[in-house]
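Here's the structure we're looking at; comments come further down.
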Amino acid sequence: MAAAERLAGAPTVDEAELALASLTGEVHGTARAAAMSLAVNEAQLFGDRIATLDADDAGAWTQATFLDAGFERDGFASADVRHSGLAVGLDRDFGGSLVGGAIDSGRGRGTLDALGGRYDSDRLGASLYGRTPFSAGYLAGSVGFARHEVETRRAVLLDGELSNIDGRHQDHVWSARIEAGRAYRAFTPFVAGGLVRHRQGAMHESGGAGLGLTAGADTASIHFAEIGTRFALVRDRLTLRGVAGARWTGGDTRPAYLAGFTGAPDVEAEIHGQRVRGRGVRGMIGADYRSGRHTVWNLGLAGERGTGDSDNVSVSGGVRVSF
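In numbering that gives the first Met the number 0, the protein residues as written are 0 to 322.
This is how it looks when you write it as structure tokens:
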């Protein structure tokens with residue numbers, strides 16, 4: 000294959016190593032790890048809102064969120080990921096229990112170091128959620144589905160020149176989380192667990208003199224458990240809130256898939272990227288302000304530190320109108 004000859008003809012050892020590294024296609028693996036991590040993060044933040052809801056405040060709401068995350072893993076290009084989204088929802092009181100649904104849309108972008116490439120992702124999702132009180136505390140949960148339209152761009156180094164490779168695939172993400180907790184004055188200890196299932200769609204990259212990747216659909220799943228506590232301090236119309244928690248994640252935390260080259264589809268390799276955090280600690284501070292009998296505004300700042308050098312910070316704000 001002509002492209003292989005151009006790879007083999009790299010004039011220096013450093014250029015040869017860079018040329019080989021450019022073949023990995025790790026941007027796809029990193030986009031997958033980011034989508035799975037985003038699903039966990041959103042389930043946690045969604046859980047924070049559900050757990051503090053009162054059936055008397057049932058109604059309509061909207062929430063905007065911005066997330067800035069960083070991923071590090073030895074032997075792979077580090078990645079900076081940003082995602083913004085908007086959700087709207089509606090819930091009702093059923094005998095003291097709150098049940099509702101929401102739809103959301105968002106856009107994400109990931110940038111990898113060196114020749115790792117970048118990706119853009121358009122997201123559309125829907126979720127169902129609920130909370131019910133009982134004598135010892137409460138039980139809350141949510142299930143969600145999201146579709147990601149992912150576009151990637153990377154480059155391979157051939158004879159000292161960069162050759163661009165473009166790709167596109169549609170991914171599906173299912174998630175679920177359940178939580179139980181009990182209030183002790185201002186504090187509410189809780190335990191939670193959940194799972195995320197990611198289906199990466201089939202893809203066929205173009206460009207790169209036959210060194211693009213081609214792969215069928217592939218599925219990866221993770222499960223997680225969390226323990227933590229919430230804090231709430233009410234002062235007239237203002238409620239100050241906080242969350243501290245620790246999370247453990249298992250399953251396909253280093254998701255990989257099998258792919259061939261477009262110019263030689265029978266030559267297959269396992270493609271990797273960044274990983275989903277195996278362990279992490281997180282915190283959140285926020286405030287709710289009741290501007291009227293039926294209107295509550297909220298603002299929150301959250302952050303998580305995971306294994307390795309991975310971390311994320313998110314800001315959210317919204318309003319709820321009860322009726």
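Quick reminder that beta carbons are idealized off the backbone N, C-alpha and C, glycines included.
Residue i bridges to which residues according to DSSP?
i      : result
HIS147 : ARG122, ASP170
GLN273 : According to DSSP, which records beta bridges pairwise, GLN273 is partnered with nothing at all.
GLU160 : LEU157
ASN297 : ASP287, GLY317
PRO132 : TYR137
PHE186 : TYR183, PHE230
HIS197 : VAL172, ALA219
Which term fits residue i, buried or exposed, when burial requires 16 or more other beta carbons within 10 angstroms of its beta carbon?
i      : result
ILE221 : buried
TRP296 : exposed
ALA139 : buried
HIS82  : buried
THR218 : exposed
GLU160 : exposed
TYR128 : buried
Have a look at the options and flag the residue whose alpha-carbon is nearest the alpha-carbon of residue i.
i      : options                       : result
GLY323 : GLY211, GLU303, ALA50         : In the structure displayed, the chain extends from 0 to 322; residue 323 sits before or after that span and is not available.
ARG106 : GLY115, LEU85, ARG117, ARG253 : LEU85
ASN311 : ASP235, GLU41, LEU257, LEU22  : GLU41
SER141 : ASP47, HIS147, ALA54          : ASP47
Compute the Euclidean distance between the alpha carbons of residue i and residue j, then round it to the nearest angstrom.
i      : j      : result
ALA323 : LEU212 : Because the chain in this structure spans residues 0 to 322, residue 323 falls outside the shown range and cannot be described.
ARG130 : PHE189 : 14 Å
HIS27  : GLY317 : 32 Å
GLY58  : ILE226 : 29 Å
ALA113 : SER162 : 14 Å
TRP247 : SER96  : 29 Å
ARG276 : ILE270 : 18 Å
ARG153 : THR110 : 10 Å
ILE164 : PHE260 : 12 Å
Which whole-angstrom value is the C-beta distance of residue i and residue j, which I expect to be below 8 Å?
i      : j      : result
THR252 : ARG274 : 5 Å
ALA216 : ALA201 : 5 Å
GLU25  : ALA68  : No, GLU25 and ALA68 are not in contact; Cβ-Cβ is about 16 Å, not under 8 Å.
THR228 : ALA245 : THR228 to ALA245, Cβ: 10 Å. No contact.
VAL149 : SER120 : 5 Å
SER315 : GLN62  : 6 Å
ALA78  : THR151 : That belief does not hold up - the Cβ atoms of ALA78 and THR151 are roughly 12 Å apart, past 8 Å.
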